[in-house]
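Peer 1:
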Ligand SMILES: NC(=O)c1ccc[n+]([C@@H]2O[C@H](COP(=O)([O-])OP(=O)(O)OC[C@H]3O[C@@H](n4cnc5c(N)ncnc54)[C@H](O)[C@@H]3O)[C@@H](O)[C@H]2O)c1
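Residue numbers (the numbering used here): 139 to 591.
Printed below as a string of structure tokens:
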């Protein structure tokens, strides 16, 4: 199909007017990046304080490069912020839904915010509209939304456009995507044309968009995250085997990852996967399949392995100190679920802190960006320090959970002097090469032979 034809061709050279509902990690990046490509964007959120802060160019999340970009786009007039969804939808052709879809107690995705926003959009639309599902939603949601808004006064087509950005590198991922997955129904030509137009600046090579039906787009998003999570869980299981049999999981990773059919990514053993996406998406895929009478056993096992693996820190500490951890002072470096973000949702640091507090340990944490969020969650039950070295003062053990750049080459002589007991547990295997065992540390990692390092 030609992207623009007939009367549309006149419009093809004007900016697309769109709104993004939900101004979190995905919505704010989506809105800002679309504005940077020349489109006119209104970002909407129900959180009035967030919108007020954004109007003052205060970015509620940490995402490298985002603050400058928001300032620039807002100053250009292409990016505005509001809590008023009814006003925002009045003047737009596309409305992206980017609200959260957190897990319910049985692992399904909670779609209440998605449905509420879709209903509101249908109610307040003053002309034909395309709703775009940017939030991660289980297969069948697009159809449910289309049904929900069936009585709307105007023609509303619902497209599915799952987001694949990674926190910490979100702008680059959005502006230079590997692929843009778009699901539209046969006959929804307006949706297809508008999606083609809005993504045109990111698709100049004409190779990025993968068109499919909405159900396929919905499954694609969950399949991608589950496959990545599966690789991590498999390596974490192999790490346990490696420790037992004298193998080194790092060597195994390089050995298998150099096979181009396998590739090197997402094969690092560590403290278990976390974040706002993998844990909830794996569980939601299992749950939606179950609803259809299908057991996705690999996906289910991926989640179980991850949950079990989370206790590895305490298991290792007990190996070091014996069963009694009461009163041990433990320094934690890295609280965000990965470097480059302040996001702590499902971060391995949370379960680690809970385990340690349960054992009666005193926990002192440091993170370049995530301490505010951890403070909100744990209050005064753990101590947080601004300088990473203050965390190791009189510590019985140092545990590294997130491989921020500033932890990659620390001053180990200084650490040795400050610690009470020189036990180092490297949850990311980033210090293996430093031979800390030879420098008087009791060093251990994940899936490596501690007596050789
Ligand atoms: N964070 C990621 O890395 C990532 C990547 C890809 C996809 N996703 C998916 O994108 C979606 C959003 O994720 P996020 O991390 O940006 O979430 P988030 O929690 O950071 O942001 C969601 C925002 O939606 C707002 N909101 C909730 N209900 C609303 C309503 N009724 N009206 C207006 N605003 C409302 C909240 O106030 C919040 O600001 C989720 O489905 C997630 O799975 C996230």
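Ideal placement from N, C-alpha and C gives every residue a C-beta, glycine not left out.
Quantities reported herein were computed from a predicted structural model and do not represent experimental measurements.
To the nearest angstrom, report how far apart residue 490 and residue 449 are at their CA atoms.
Peer 2: C-alpha separation (whole angstroms): 7 Å.
Peer 1: Have a look at residue 139 and residue 355 and give me their C-alpha separation to the nearest angstrom.
Peer 2: In this prediction, residue 139 has a pLDDT of 40, which is less than 50 and means its spatial position is unreliable; nothing more can be read from the coordinates.
Peer 1: Looking at the structure shown, is residue 543 part of a helix, part of a strand, or coil, going by DSSP?
Peer 2: Reduced to three states, the DSSP call for residue 543 is helix.
Peer 1: Where does the unbroken beta strand (DSSP E) through residue 504 begin, and where does it stop?
Peer 2: Element bounds for residue 504: 500–504.
Peer 1: Would DSSP call residue 391 helix, strand or coil?
Peer 2: Correct three-state label for residue 391: helix.
Peer 1: Check this for me: beta carbons of residue 437 and residue 473, under 8 Å apart or not?
Peer 2: No, Cβ-Cβ distance for residue 437 and residue 473 is not below 8 Å.
Peer 1: Beta strand (DSSP E) containing residue 271: first to last residue?
Peer 2: 267–271 is the extent of the beta strand (DSSP E) around residue 271.
Peer 1: So what's residue 474 in DSSP terms, helix, strand or just coil?
Peer 2: DSSP places residue 474 in coil when its eight states are reduced to three.
Peer 1: Checking the sheet assignment: what are the DSSP bridge partners for residue 219?
Peer 2: Partner(s): 181.
Peer 1: Could you give the first and the last residue of the continuous alpha helix (DSSP H) run that contains residue 527?
Peer 2: Segment 526–529, the alpha helix (DSSP H) holding residue 527.
Peer 1: Taking DSSP as the reference, what is the three-state secondary structure of residue 328?
Peer 2: Residue state, collapsed to three classes: helix.
Peer 1: Are the stretch 269–286 and the stretch 348–366 in contact at 8 Å, needing three or more beta carbon pairs?
Peer 2: Touching, yes, given that three or more Cβ pairs across the two stretches are closer than 8 Å.
Peer 1: Please enumerate, following chain order, all residues with a beta carbon closer than 6 Å to at least one heavy atom belonging to ligand 1.
Peer 2: Listed along the chain, these residues meet the criterion: 159, 160, 161, 162, 163, 164, 165, 182, 183, 184, 185, 188, 236, 237, 238, 239, 251, 254, 255, 273, 274, 301, 303, 305, 414 and 415.
Peer 1: In the DSSP assignment, the alpha helix (DSSP H) including residue 419 goes from what residue to what residue?
Peer 2: 416–429 is the span of the alpha helix (DSSP H), which, as asked, contains residue 419.
Peer 1: What residues are listed by DSSP as bridge partners for residue 537?
Peer 2: Beta-bridge pairing links residue 537 to 470 and 563.
Peer 1: Classify residue 272: buried if its beta carbon has 16 or more other beta carbons within 10 angstroms, exposed otherwise.
Peer 2: With 16 or more Cβ atoms within 10 Å of its Cβ, residue 272 is classed as buried.
Peer 1: For residue 154, which option in 221, 234 and 219 has the closest C-alpha, if you only look at C-alpha atoms?
Peer 2: The residue with the shortest Cα to Cα distance from residue 154 is 234.
Peer 1: Spell out a yes or no on whether the stretch 152–168 and the stretch 297–309 are touching, meaning 3 or more CB-CB pairs, one atom from each, closer than 8 Å.
Peer 2: With a cut-off of 8 Å, the stretch 297–309 and the stretch 152–168 count as touching, because enough Cβ pairs lie within range.
Peer 1: So if DSSP puts residue 295 in a beta bridge, which residue, or which two residues, is it bridged to?
Peer 2: According to DSSP, residue 295 bridges with 268.
Peer 1: When the Cα atoms are used, what is the spatial distance from residue 384 to residue 574?
Peer 2: Computed Cα separation, rounded: 19 Å.
Peer 1: Is residue 368 buried or exposed, if buried means 16 or more other CB atoms sit within 10 Å of its CB?
Peer 2: Counting Cβ neighbours within 10 Å, residue 368 comes out buried, since at least 16 surround it.
Peer 1: Assuming residue 561 and residue 535 are in contact, meaning their beta carbons sit under 8 Å apart, how far apart are those beta carbons, in whole angstroms?
Peer 2: About 4 Å separates the two Cβ atoms, so the contact holds.
Peer 1: Going by the beta-carbon positions, is the gap between residue 269 and residue 296 smaller than 8 Å?
Peer 2: Against a cut-off of 8 Å, the Cβ pair of residue 296 and residue 269 comes out as a contact.
Peer 1: Of the choices 192, 503, 214 and 415, whose alpha-carbon is the least far from that of residue 524?
Peer 2: With distances taken between Cα atoms, residue 524 lies closest to 503.
Peer 1: Output the boundary residues of the alpha helix (DSSP H) element that contains residue 165.
Peer 2: Run containing residue 165: 163–174, per the alpha helix (DSSP H) assignment.
Peer 1: Would you list, in sequence order, the uninterrupted beta strand (DSSP E) runs of no fewer than 3 residues that lie entirely inside the stretch 322–382?
Peer 2: Taking only runs of at least 3 residues, the beta strand (DSSP E) segments lying wholly in the stretch 322–382 are 347–350.
Peer 1: Check the DSSP bridge columns for residue 234 and list the partner residues they point to.
Peer 2: Its beta-bridge partners are 158 and 270.
Peer 1: Under 8 Å, do residue 336 and residue 177 count as touching if we go by C-beta distance?
Peer 2: In this structure, residue 177 lies closer than 8 Å to residue 336 by Cβ.
Peer 1: Please report the residue range of the alpha helix (DSSP H) in which residue 311 lies.
Peer 2: Unbroken alpha helix (DSSP H) run through residue 311: 308–313.
Peer 1: Count the other CB atoms within 10 Å of the CB of residue 496; is the residue buried (16 or more) or exposed (fewer)?
Peer 2: Exposed is the call here.
Peer 1: Measuring only the C-alpha atoms, how far is residue 545 from residue 185?
Peer 2: Residue 545 and residue 185: Cα-Cα distance of roughly 35 Å.
Peer 1: What distance in whole Å lies between the Cβ atoms of residue 292 and residue 326, which are believed to be in contact at a cut-off of 8 Å?
Peer 2: Incorrect: roughly 14 Å between the Cβ atoms, too far for contact.
Peer 1: In three-state terms, what does DSSP make of residue 407?
Peer 2: Coil, per DSSP.
Peer 1: Quick one: what's got a C-beta closer than 7 Å to residue 404's C-beta in the same chain, skipping five residues either side?
Peer 2: Excluding residues within five positions, the ones whose Cβ falls inside 7 Å are 366, 369 and 370.
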